[in-house]
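Take a look at the structure below.
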Amino acid sequence: MDEQLILDTAEAAAPALRALAREILEVEAAHLGVSLATADVLARRAEGMPALHLIAADQLLEHLAAVEGTTLPDQGIIAVLARAGAQLLVSGIELDGIAAGT
(Lines of atoms letter the chains of each structure in order from A and count residues from 1; the text may use other names and numbers.)
(Lines give C-alpha, C1' and ligand atoms only; values in the text may rest on other atoms or scores of the structure.)
Protein backbone atom coordinates (compact mmCIF):
# COMPACT_ATOMS: atom_id res chain seq x y z
CA MET A 1 0.00 0.00 0.00
CA ASP A 2 1.19 3.49 -0.84
CA GLU A 3 2.51 5.45 2.16
CA GLN A 4 0.59 8.58 1.18
CA LEU A 5 -2.65 6.61 1.03
CA ILE A 6 -2.05 5.40 4.59
CA LEU A 7 -1.43 8.96 5.78
CA ASP A 8 -4.45 10.32 3.91
CA THR A 9 -6.66 7.62 5.41
CA ALA A 10 -5.38 8.31 8.93
CA GLU A 11 -5.91 12.04 8.53
CA ALA A 12 -9.42 11.53 7.15
CA ALA A 13 -10.29 9.41 10.18
CA ALA A 14 -8.58 11.77 12.64
CA PRO A 15 -8.25 15.26 11.12
CA ALA A 16 -6.42 16.65 14.15
CA LEU A 17 -3.66 14.05 13.85
CA ARG A 18 -1.38 16.16 11.64
CA ALA A 19 -1.81 19.22 13.86
CA LEU A 20 -1.03 17.17 16.95
CA ALA A 21 2.05 15.63 15.32
CA ARG A 22 3.23 19.08 14.19
CA GLU A 23 2.77 20.48 17.71
CA ILE A 24 4.74 17.63 19.28
CA LEU A 25 7.52 18.04 16.71
CA GLU A 26 7.73 21.80 17.34
CA VAL A 27 7.88 21.32 21.11
CA GLU A 28 10.61 18.69 20.81
CA ALA A 29 12.63 20.89 18.44
CA ALA A 30 12.34 23.83 20.83
CA HIS A 31 13.33 21.60 23.75
CA LEU A 32 16.46 20.47 21.89
CA GLY A 33 17.16 23.93 20.47
CA VAL A 34 17.23 22.80 16.85
CA SER A 35 15.79 24.34 13.72
CA LEU A 36 13.01 22.75 11.71
CA ALA A 37 14.00 24.50 8.49
CA THR A 38 14.06 21.83 5.80
CA ALA A 39 17.71 22.48 4.94
CA ASP A 40 18.69 22.10 8.60
CA VAL A 41 16.66 18.90 8.95
CA LEU A 42 18.32 17.37 5.89
CA ALA A 43 21.77 18.45 7.10
CA ARG A 44 21.21 16.85 10.52
CA ARG A 45 20.03 13.63 8.90
CA ALA A 46 23.02 13.59 6.52
CA GLU A 47 25.38 14.05 9.48
CA GLY A 48 23.83 11.08 11.26
CA MET A 49 22.45 13.19 14.10
CA PRO A 50 19.59 11.64 16.09
CA ALA A 51 16.43 11.87 14.02
CA LEU A 52 14.01 14.26 15.65
CA HIS A 53 11.02 12.62 13.97
CA LEU A 54 11.77 9.34 15.76
CA ILE A 55 11.65 11.04 19.15
CA ALA A 56 8.52 13.00 18.23
CA ALA A 57 6.81 9.89 16.85
CA ASP A 58 7.34 8.03 20.11
CA GLN A 59 5.90 11.01 22.01
CA LEU A 60 2.93 11.08 19.63
CA LEU A 61 2.23 7.41 20.33
CA GLU A 62 2.54 7.93 24.09
CA HIS A 63 0.12 10.86 23.92
CA LEU A 64 -2.40 8.95 21.80
CA ALA A 65 -2.21 5.93 24.10
CA ALA A 66 -2.84 8.17 27.11
CA VAL A 67 -5.80 9.85 25.42
CA GLU A 68 -7.27 6.54 24.27
CA GLY A 69 -6.63 4.94 27.65
CA THR A 70 -4.70 2.09 26.07
CA THR A 71 -1.14 0.91 26.03
CA LEU A 72 0.76 -0.90 23.34
CA PRO A 73 3.35 -3.52 24.23
CA ASP A 74 6.73 -2.18 23.14
CA GLN A 75 7.57 -5.12 20.91
CA GLY A 76 4.09 -6.17 19.77
CA ILE A 77 3.17 -6.20 16.10
CA ILE A 78 0.61 -3.43 16.57
CA ALA A 79 3.18 -1.28 18.37
CA VAL A 80 5.68 -1.79 15.55
CA LEU A 81 3.10 -0.83 12.92
CA ALA A 82 1.90 2.15 14.96
CA ARG A 83 5.46 3.36 15.50
CA ALA A 84 6.24 3.04 11.78
CA GLY A 85 3.13 5.01 10.88
CA ALA A 86 3.81 7.69 13.47
CA GLN A 87 7.41 8.02 12.29
CA LEU A 88 6.25 8.31 8.68
CA LEU A 89 3.74 11.00 9.58
CA VAL A 90 6.13 13.09 11.67
CA SER A 91 8.98 12.65 9.19
CA GLY A 92 6.76 13.88 6.38
CA ILE A 93 5.76 16.94 8.39
CA GLU A 94 9.40 17.62 9.31
CA LEU A 95 10.57 17.36 5.68
CA ASP A 96 7.65 19.37 4.29
CA GLY A 97 9.07 22.46 5.94
CA ILE A 98 7.27 22.90 9.22
CA ALA A 99 9.04 26.22 9.81
CA ALA A 100 7.38 27.54 6.66
CA GLY A 101 4.00 26.77 8.21
CA THR A 102 2.96 24.26 5.56
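Here our numbering is used: the first residue of the sequence shown is 642, the next is one more, and so on. The C-beta atom is built at its ideal place from N, Cα and C for all residues, glycine as well.
Discussion item. Tell me which residue opens and which closes the alpha helix (DSSP H) that Leu666 is part of.
Written reply: For Leu666, the enclosing alpha helix (DSSP H) covers residues 658-673.
Worksheet entry | Alpha-carbon spacing of Glu652 relative to Ala662, whole angstroms | Using only the alpha carbons, I get a separation of about 11 angstroms.
Worksheet item: Less than 8 angstroms separating the beta-carbons of Ala731 and Ala680?
Response: Per the sequence presented here, residue 731 reads as Val, with Ala not at that position. Taking 8 angstroms as the Cβ cut-off, Val731 and Ala680 do not qualify as a contacting pair.
Worksheet item: Quick one: what's got a C-beta closer than 8 angstroms to Glu669's C-beta in the same chain, skipping five residues either side?
Response: A distance below 8 angstroms between beta-carbons, with the five flanking residues on each side excluded, links Glu669 to the following residues of its chain, in chain order: Leu693, Ile696, Ala697, Gln700.
Discussion item. Just verifying my parser: in three-state terms, what is the DSSP assignment at Gly689?
Written reply: For Gly689, the three-state secondary structure derived from DSSP is coil.
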